[in-house]
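Heads up: the sequence shown is residues 1 to 124, going by UniProt numbering. Take a look at the structure below.
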Amino acid sequence: MFFHPFPISFILFQACRNQTSVKLAVVDCPPVIEVLIRRPSLQYQLGFSVQDGVICSLLRGGIAERGGIRVDHRIIEINGQSVVAVSHEKIVHLLASSVGDIHIRTMPTSVFRLLTGQETPNYI
1 MFFHPFPISF
11 ILFQACRNQT
21 SVKLAVVDCP
31 PVIEVLIRRP
41 SLQYQLGFSV
51 QDGVICSLLR
61 GGIAERGGIR
71 VDHRIIEING
81 QSVVAVSHEK
91 IVHLLASSVG
101 DIHIRTMPTS
111 VFRLLTGQET
121 PNYI
């Protein structure tokens, strides 16, 4: 199954296929998102679940959601330490043991897969 990373754009491009001219506006959007989660103590849940480095669920109103964590994003760094090639258990341990300001860098999973060659772009 192929998941297109930009489904709305894909639909719009297909709809414009027979047009004589199309005006596009490019909006700068960095692929990596920096998030700051403030966790006062280990008694507070982070409020999200991770599976193989990907955020798969988010507790509504939790400290992770308030910090800007997004579902279906790949965790790239935790507190300046790259976790791209790190095991699931190590990522969970790093997150579970972190207190205070937790700096997390993420990117959409679809972008990560394209950048790492796990997927190829679908040209129109």
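Built from N, CA and C at the ideal position, the CB exists for glycine as well.
Residue Val35 holds the alpha-carbon nearest to the alpha-carbon of isoleucine 78 among Thr120, Val35, Asp52. In the displayed model, isoleucine 33 falls within a strand according to three-state DSSP. A contact is defined here as three or more CB-CB pairs under 8 Å, and the segment 66–73 fails this definition with respect to the segment 84–98. Within the model, the alpha-carbon separation for leucine 59 versus valine 92 is close to 16 Å.
Taken through DSSP and simplified to helix, strand or coil, valine 84 comes out as coil.
At the C-beta level, glycine 53 and isoleucine 37 stay beyond 8 Å of one another. Shown here for glycine 62: same chain residues with a beta carbon closer than 6 Å to its own, the five before and five after excluded, namely Gly47 in chain order.
Here isoleucine 11 is exposed: its Cβ has fewer than 16 other Cβ atoms, across all protein chains shown, within 10 Å. Apart from sequence neighbours up to five positions away, the residues of its chain that approach leucine 42 with a beta-carbon distance below 7 Å are Val99, ordered along the chain.
When only Cα atoms are considered, arginine 113 and glutamine 19 end up about 32 Å apart.
By alpha-carbon distance to isoleucine 102, the top candidate from Tyr44, Val86, Ala85 is Tyr44.
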